[in-house]
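In this text, residue positions in the sequence shown follow this note's numbering: the first is 237, and each later residue adds one.
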Amino acid sequence: MKVLYLLNFAGKAGTERYVETLVRYLSQDGLVQPFFAYHEGGLLVERLEELGVPCRRVEMRRRFDKKAAKELAALCAEWDIELIHCHYLREHYTALLAKKYNKKLRVVYTNHFILANDMVTRLSNRVMDKRQDQMIAVCNKGKEQLIANGWSGERIQVIFNAVDPAAWAGDRSESTLRSELDLPEDRFVMLCASRFADDKGHKYLIDSVKRLTQLTAVPFTLVLAGDGPLLEPTQAQVKELGLAELVKFIGFRKDIKNLYKGADLYVNSSQHEALSFLIIEAMAAGLPVIATDMGGNPDIVNDEAGCGMLVEYDNPDSMAVAMKCFLEDPAFTAKCRENALRTIEEKFEVHKMARATYGVYEKALHD
């Protein structure tokens with residue numbers, strides 16, 4: 237099956253990781269011959285080209301872009317594409333419009349966010365829904381939001397994001413993180429690798445660390461990886477609160493496994509999450525998790541999984557108390573670590589995700 241993966245911005249965030257994962261494992265299993273088109277290039281283009289995936293730029297200037305739709309339809313004819321898999325509204329609408337110019341095309345859309353659309357967008361969604369073949373939501377709340385945004389519920393399948401456990405196997409000895417930061421082996425290290433942006437909750441996270449210093453005497457370090465527009469304000473907040481010895485900034489890193497292996501706990505402080513790759517990667521690397529009770533996080537961290545704790549978003553006391561539990565109860569931390577690995581195998585294993593996604597492709601082509 238020839239599938240064109242279509243993405244407006246081919247950068248380095250979770251959606252790009254999702255596309256790369258599908259391309260890699262569906263092609264490895266011989267199920268899909270992947271192609272890629274994008275509007276604005278970035279790291280994902282480089283990675284897909286390294287995998288031998290044909291890539292082409294298609295200018296998509298707005299949602300209802302007939303010129304882009306015609307160009308996309310022609311590209312699909314050139315490459316003999318059967319199905320387009322897209323990920324944001326701009327390219328989703330473009331793909332749906334392309335069906336007018338290439339009648340054999342089918343479209344699958346994956347929704348990576350839990351955000352309400354405005355009234356105009358909801359109306360246009362209802363109009364475009366008549367052209368839609370199948371949709372994927374990466375968490376249960378994502379499906380609910382798609383329906384609220386005007387899309388037909390019977391066409392929406394929930395398929396969790398997933399990772400390859402083998403890719404994240406290993407132990408602490410493989411990591412250079414502690415030596416880089418001159419941290420002793422017995423120091424409790426928490427890691428957060430979110431981009432520094434409004435919805436990632438860094439201000440609230442730093443306030444939580446300040447509160448934690450008042451709750452425990454156990455030594456700890458919080459490592460913050462990533463870049464973004466709020467990096468400097470976060471650094472200023474850390475300095476203002478006198479936390480420079482406890483909070484370490486290490487910038488954007490490609491060696492994320494190295495960071496997981498050097499940590500004891502992964503912390504998610506986001507306001508908006510669908511189903512975070514960072515959380516499930518950390519779990520696959522053997523880390524327990526603290527996550528906010530937002531979006532799809534409860535699909536990962538819950539009583540059944542037993543892999544960590546959910547906390548109330550923007551409540552530093554809630555976050556600090558959870559951190560204290562892990563700092564002061566090694567047995568609890570070890571149990572959550574064990575449950576994290578089990579949960580990945582049961583619910584977030586990449587071959588299961590790839591096969592389920594391929595099933596949606598077949599449904600789109602043959603229903």
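The C-beta atom is built at its ideal place from N, Cα and C for all residues, glycine as well.
- In terms of Cα proximity to tyrosine 241, the closest of Pro290, Leu279, Gly278, Gly531 is Pro290.
- Methionine 355 sits in a helix when the DSSP states are folded into three classes.
- In the DSSP assignment, asparagine 347 falls within the beta strand (DSSP E) that extends over 342-347.
- Taking every protein chain shown into account, the CB of threonine 412 has fewer than 16 other CB atoms within 10 angstroms, so this residue is exposed.
- CA-CA distance, cysteine 561 to aspartate 529, rounds to 17 angstroms.
- If you check the CB distance, arginine 358 and glycine 386 come in under 8 angstroms.
- In the three-state reduction of the DSSP assignment, proline 465 falls in the coil class, being assigned neither a helical nor a strand state.
- Residues of the same chain with a CB within less than 7 angstroms of the CB of alanine 373, apart from the 5 flanking positions on each side, are Asn347, Lys379, Leu382, Ile392, Val394 in chain order.
- By the Cβ-count criterion, glycine 462 is buried, with 16 or more other Cβ atoms from all chains shown falling within 10 Å of its own Cβ.
- Residue state for cysteine 322 is assigned as strand, using DSSP reduced to three classes.
- Here methionine 589 carries a helix assignment [DSSP, helix/strand/coil].
- If you check the CB distance, valine 445 and isoleucine 486 do not come in under 8 angstroms.
- Around the beta-carbon of glycine 532, 16 or more other beta-carbon atoms lie within 10 Å, marking it buried.
- With respect to the C-alpha of aspartate 369, the residue from Lys377, Ser388, Ala304 having the closest C-alpha is Ser388.
- Per DSSP, valine 394 is one residue of the beta strand (DSSP E) stretching across 392-394.
- Comparing alpha-carbon positions, the option among Lys475, Ile317, Val503, Val294 lying closest to proline 552 turns out to be Val503.
- Linking methionine 371 to tyrosine 324 through their CA atoms gives a straight-line distance of about 12 angstroms.
- Counting along the chain, the unbroken beta strand (DSSP E) around glycine 544 starts and ends at 544-547.
- Contact check for lysine 306 against tyrosine 337 passes: the beta carbons are separated by less than 8 angstroms.
- For glutamine 471, DSSP assigns no beta-bridge partner whatsoever.
- For the segment 285-320, the full-length beta strand (DSSP E) segments reaching 3 residues or more read 291-293 along the chain.
- For glycine 250, the uninterrupted alpha helix (DSSP H) segment begins and ends at 250-264.
- Runs of beta strand (DSSP E) with 3 or more residues, each lying fully within the segment 504-550, are found at 525-528, 544-547, listed in chain order.
- For glutamate 416, the enclosing alpha helix (DSSP H) has its first and last residue at 413-417.
- Only buried fits asparagine 244, as 16 or more other CB atoms lie within 10 angstroms of its CB.
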